[in-house]
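Residue numbers (the working numbering), protein chains in the order written: chain S, 1383 to 1983; chain G, 69 to 366; chain C, 10 to 445. The structure appears right after this line, and notes come after that.
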Amino acid sequence: MEYYADIAIQIMFLMMLALSLNLLVGYTGETSMAQAAFYGIGAYTVGLLTMPVAVAGLEIATSSGVAGGAGWPFWPAVLISILVSAAVASAISIPALSRVRGEFLILMTLAFQLVTTQLMGSLTSITGGTFGLTPIPPMTFFGQSLIKPSQVVIVVGIATVLTFVFCYRLGESPFGRVLKGIREQETAVRAVGKGTVLPKVIVFGVAAGVAGLAGALNASYYQVAAPQSFNLDVSILAIAVVILGGVANPVGTVVAAILLGLLNPVLDALVGAEASAWRGVIYGLALVLVMRYRPQGLVPEHQGPLRFLRRRRRRNAPAVAAAATTRAPRDGAPDATPGAPGAVPSGPAPEVVLKVEGMSKSFGGIKAVSDATFDLTRGQITALVGPNGAGKTTLFNLITNAITPDQGAVTLNGTSITGLSISEIARRGMARSFQDGRLFERLSAIDNVAMAIPDQRAENPFILTVRPLYVKKRERAVRQSALECLQLVGMHADAETLVADLSYGDQKLVAIARLIATGADVLLLDEPTSGVDPSAVEHVIDVISDLRAAGKTICLVEHSVHMVERLADRAVFLDQGRVLAMGSMKELMARQDLKEIYFGA
Amino acid sequence: MHLISAAGASPSLVLQLVVSGVVLGSFYALLGMSVSVIYSTTKVFHFAHAFVYTAAAYVALGTASVLGLPIVLAIVIGLIAAVVLGVTIELVVYRSMRRSGASSLGIFLASLGISIAGPNLIQIIFGPDGRNLPVGNPTLYTVGTVTFTTWDIVTVVVSWVLIGGVLAMRRSRWGLASIAVSANRELSAAVGISPQKIYVYAFAVGSLLIGSAAILFTLNQAATPNMGLQPVLFGFIATFLAGVGNQKTAPLAGFVLGMVVSLSGIWLSQTFQTAVIFGLLFVALIVRPQGIFRKAAV
Amino acid sequence: MTVSTFISRARRFTAAAAVAALAVGLASCASSDSGTAAACDGDTAINGIFGEGGEAGGQGVTVKVGMLLAMTGSGSSYGEVMSNGAKLAAEQILAACGPDFEIAIGDHESGSVPAAVAAARKLISQDGINVLQTSFGGVSEAIIPLVQQNKILTLQGGGTSPGQIGKDYLWNTRQLFADPSIPGGLAWVAQTYPEATKMAVVGTLENGINAQTKLIPEIWPEVAPGGTVVLNEQHEVGLTDFGQIIAKIQSAEPDVIWIFEQGGDNATFMKALRRAGVTAPVVSSETGGEEVCKLAPEEFDTVIALGENYDVANPNPFNEQFVTEYKDAYGKNPDIFAANYYEEMFVFWELVNRVVADGGDPTSGEQLQAALAADPTFQSVYGGSADEVGTMSIDEETHLPVKPMGAYTIKDCQLTQVATITEVDEGGDPFSGVSK
């Protein structure tokens, strides 16, 4: 009985560690190799806080000569452990995450993990060195000291369930949606006006806080905190659990933690002495095989019992049910853009909304854009045209500061936006689409669009925790708005479909819906119809005309002369990064020289 | 606690540490070159390099002590094993994953899996205890107060000859092709360079270098199943400090790293050495994520 | 209390121990009747020393003994010899009509605290052990709360650390690593190398840290005129590149080097040191070590080991039959660890007998500990003479034993004793601890 309780406790510690790590690896797509370090920081913190205050005359309490602790009661110490782990993680992640991504982050977290373990081993007067900090008082629960595994298992069990619910809800919340967006397309999240550094710093802290809780419980259960319990092997084991179980799916993490956790006792019985080596071989190979043949893991992201329940509930939600009709023909389009705050009616006089002046950029001596000057008029569609390599997309990138220009100024509604970040520009009312879509592929269409809806206080994880009902209500409204945006492009029937499962043309429509959802007045569309099949092209053209009708100012990069002629009020002709001419498409195409440049001589 | 060394910076200590630093730095330079050859060309975060390192050492000492083959032959077999293992990992695991559209993170995780499974397998076969390559004791040379051994000279010479060889190869057809692939994979495929072949070439060269490093290490020290993690990590640190894709400066970064590690001994106890290295990496990556030696893209 | 006071306290108990041993011998002679079970005849060599067994000798009682050992990892050779010693003892005791000691082994993976705690929990809750034999320093400290909460009498014979001194339910049959031998050892070094003044100390951050950072710097200047510690370097376990530390040694030019290295670290350090041409004598607080012999046999031969050691050639009859039987069973000589875990099993037997004699429950850790504390002296393979079985006594307060210590030269991995070292009283003549 006690033995099985002990195994259950060990598995649950692994589970808590992996559930928290899944927030990073699974939802945010950032690999941390330092999860065990934060686990350890929690353990040492609780140890130092709860150990009795040193009494003179009892110096040799431990080998290391750790004099004693702060003599705190258990639960306040646990709270501090969580906070300390979270604070350390946030502190190191602020510079790391804003500057560093992918492999750099792996290397840095690896470094942090190794330094932490080494310091745990060498700062003997604080940590007890390699022997560890001991004896740490056992945990208490309602005044009762818990020593037996069969008692501890209840507390750890409650903590694990809470961790599961917390991680699951956070992952499926609007905040989780932002995280998944960062994982799928970080630039696209910024392009719809959301910062990505803060959510990453927060999730790093939250994940470390949960690991710290696990560490605090671990230390008071084992009554010792030693470096080996929190070393790189433990971090890697947690990664293996997340990957084997399936990223961004807490159910998978639970399953994998049980499977890998049970390996220990089973191998002990089977191979005895070599159990730990065999365990390494087995989960190492499992990691290789899973990544090779089933990268989505045992329980993939969009599967599992909980996911099924959630979807059913949503299907039954009245708002969605009402909207879930077949794709409407475009003729009966709604008269205004709903859900977006900036549905400004077209003013009487032509008004310059965006001014681009003297924009220049060279790449290694080649002038990609040179002294480009033009402006956009409210309620009009302006097309950037020109042959391949004329610098059209580069110009988009320069205007939105995705690439820093060498020279030039951009003014939006009379205010300079030169040098502002792409997300700030989006918040000020100018948003762009990407030639290659940059959709969040492993998210549903409606989640893609919902991501772009501005001012979502529900995306704040703090509000999420303290005001769950408000978040629920707000989220319902957001989804309603998103659904309406999808309806505008006629994609509402596919709202719950994963974008990866949509046709290319449909994906382009979702991208436009996402752009609409930002509520921006000025929309920069990069080849909205490229790769879209002819029947759908008409549909896209209708959508864009509707947007103009709703008062949006639109600038589009487009190849098809036909389409530009039909849509654009004005065209800017670019060649080799220079603005050669401006005027209606008809006028431009009447000029032989331009025609030659455009179609080739 | 004696965290700060009381030794002080006597001239003889500094000289000796400089000499140790040259040896250690040359070794790290070789590690940096090895990791950089693979990483800059293929962009694979090849963590399984640690297993290739360990395998080279164990194959060499296995053939020498179990089969009783002459030591030179055993070393050659160890190096061949490293190359074969490295290329096999590329062909069997990474290439097929790339084909099925795996992300670089996915490939890293598979690599991580290999780096866990491999050394544990070696532990099951050979046991966890350290093992020596059956080579004799080196000769000791004394110049003034400074001492060094044959193996120190061998380490420095072999490291730089190999690094020089790889850098010279950059002028060759293969070398130019791999520079092209690392600069732009799609474009080089378009001009008729097969990235697949270049990747295999990069893994072969990188594995030969890491295998050589493993053998150099085993001349002096006992091999253990977990011997691979630290050197590969240092190789990556050198690569990232040099600036990713900057093959020419990776050995330089490795050398500087070795020097810093060694000279830190003037003031610091060994127990803080690793913390110093990683602290430096930490600061360097934050302050100069493009690499400390990064000039224009190569 | 300080280290020196417990050393002196331990010493005072030595005298009392000899008297107590006599009493034990008499007690075991008295228990000579009772019918014997089929499996034993009460006529083995063991019966000659410990009496005939039978009911008063705990026959029919089953005691579950847990062993927490390094079965895997770098120290697995220790785990092997420790379990060999204990198994041999359990067989001999059963054959001598004593209790049935059932052994269950848990693996701490050569010092991994989490593995040790998990294994200890399994031993206690799954295997239902009544008593425990533990090993290694750190892991044994980590399980102290566990054995105390579960009232498991625990004997430690291979890795006593300061954190295991005077702990309820934990009794040591091996001296504290390094510390007790430091005063006498330093005095011996001062005598043997009269010109030596500059000492360098190198070691890992493990058992010997108190000796490294406190005892040697304090005592060396006292015993060696003009003595100074010119270098005191600690490093992490498993270090492969000693270049920096050796550069510091070369620059400090010590006359003698005292090391606290174990297993692979010992081999790596000694190889690197000698290869760098450092010829200064090396004194090591580690007296055992198969690993170092395998990896650096030549370099190890230049070391002087200083500390507690077990003498295979001790003619004490208990030891003689032990060595013979051990060789028969395992094909090689027992070492200190085989000996300690062997004789610990006989300690358990003696305690079972005492509890049975008092009409108590011989599987109760509480009662076994009370029996131990009442008279902590036991027959031993250490000490004694050709005619007389040796004794070991454990200090009631510190829970530390007094065992013979010496200085040993090494040839082909065999230790030869060159001096005897005894513990030195605080303030006493340091040289009184040395005899040749």
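Beta carbons: idealized from backbone N, C-alpha and C, even for Gly. All of these numbers come straight from a predicted model, not from anything done at the bench.
The continuous alpha helix (DSSP H) containing Gln341 of chain G extends over residues 341–355.
If you check each beta-carbon in the region 247–268 of chain G against every beta-carbon of chain S, none falls closer than 9 Å.
DSSP places Gln165 of chain C inside the beta strand (DSSP E), whose first and last residues are 162–165. Put simply, the backbone Cα of Ser183 of chain G is about 51 Å away from that of Pro385 of chain C. With a cutoff of 8 Å on beta-carbon distance, Gly62 of chain C and Gly115 of chain C are scored as not near each other.
Per DSSP, Asp404 of chain C lies in no beta strand (DSSP E) and is assigned neither H nor E. Here the region 231–240 of chain C makes contact with the region 256–275 of chain C; the two share three or more CB pairs at distances below 8 Å.
If you draw a 10 Å sphere on the C-beta of Leu1515 of chain S, you find 16 or more other C-beta atoms in it, and that means buried.
Legend: CB atoms of the region 1607–1624 of chain S lying less than 7 Å from CB atoms of chain C belong to residues Ala1608, Gln1610, Ser1611. Contact annotation: in the region 155–173 of chain C, residues whose CB is within less than 7 Å of a CB in chain S are Gln158, Ser170, Pro171, Gly172.
Counting along the chain, the unbroken alpha helix (DSSP H) around His117 of chain G starts and ends at 117–133. Using a Cβ-Cβ cut-off of 8 Å, Asp52 of chain C does not count as an interface residue toward chain G, since no Cβ of chain G sits closer than that to its own.
Chain S has no Cβ within less than 8 Å of the Cβ of Ile228 of chain C.
Under DSSP, Asn181 of chain C takes part in a beta bridge, and its partners are C:Gln165.
A straight-line Cα-Cα distance of about 5 Å links Thr1782 of chain S and Ile1804 of chain S.
Using a Cβ-Cβ cut-off of 8 Å, Ile254 of chain C counts as an interface residue toward chain G, since at least one Cβ of chain G sits closer than that to its own.
Here Asn1631 of chain S is not near Gly1424 of chain S, since their CB atoms are 8 Å or more apart. Within the DSSP bridge table, the entry for Thr1793 of chain S names S:Lys1737, S:Ser1798 as partners. Within the DSSP secondary-structure output, Lys420 of chain C pairs in a beta bridge with C:Gln423. With a threshold of 16 other beta carbon atoms within 10 Å, Ser246 of chain G meets it and is buried. Listed in chain order, the positions of the region 1659–1670 of chain S with a beta carbon within less than 9 Å of a beta carbon of chain G are Ala1659, Trp1660, Arg1661, Gly1662, Val1663, Ile1664, Tyr1665, Gly1666, Leu1667, Ala1668, Leu1669, Val1670. Contiguous beta strand (DSSP E) elements confined to the region 1821–1883 of chain S do not occur, taking only those with 3 or more residues.
In this structure Ala1593 of chain S touches Ser1402 of chain S by the C-beta definition: roughly 5 Å separates them, less than 8 Å. Taking C-beta separations shorter than 6 Å and ignoring five residues to either side along the sequence, the partners of Thr1499 of chain S in its chain run Pro1609, Asn1613, following chain order.
The C-beta distance from Ala1864 of chain S to Val1831 of chain S rounds to 4 Å, short enough to meet the 8 Å contact threshold. Residue pairing for Ala1765 of chain S: DSSP places it in a beta bridge opposite S:Leu1938, S:Ala1953. In this structure, S:Asp1957 is the residue among S:Phe1513, S:Ala1657, S:Asp1957, S:Ala1387 with its C-alpha nearest to the C-alpha of Gly1771 of chain S.
Residue environment analysis places His408 of chain C among the buried positions, since at least 16 neighbouring C-beta atoms fall within 10 angstroms of its C-beta. CA-CA distance, Ile58 of chain C to Val398 of chain C, rounds to 8 Å.
Legend: CB atoms of the region 163–191 of chain G lying less than 8 Å from CB atoms of chain C are not found in any residue. Pairing Pro192 of chain C with Thr143 of chain C, the inter-Cα distance amounts to about 28 Å.
For Lys96 of chain C, the enclosing alpha helix (DSSP H) covers residues 85–104. The three-state reading of DSSP puts Gly1679 of chain S in coil, since its state is none of H, G, I, E or B.
As for any alpha helix (DSSP H) of minimum length 4 sitting wholly inside the region 286–342 of chain C, the runs are 299–304, 306–309, 326–339, ordered along the chain. The contact set of Arg1674 of chain S on chain G, defined by CB atoms closer than 7 Å, consists of Val161, Ser164, Met165, Ala178 in chain order.
Nearest CB-CB separation between Leu153 of chain G and chain S: not below the 8 Å threshold.
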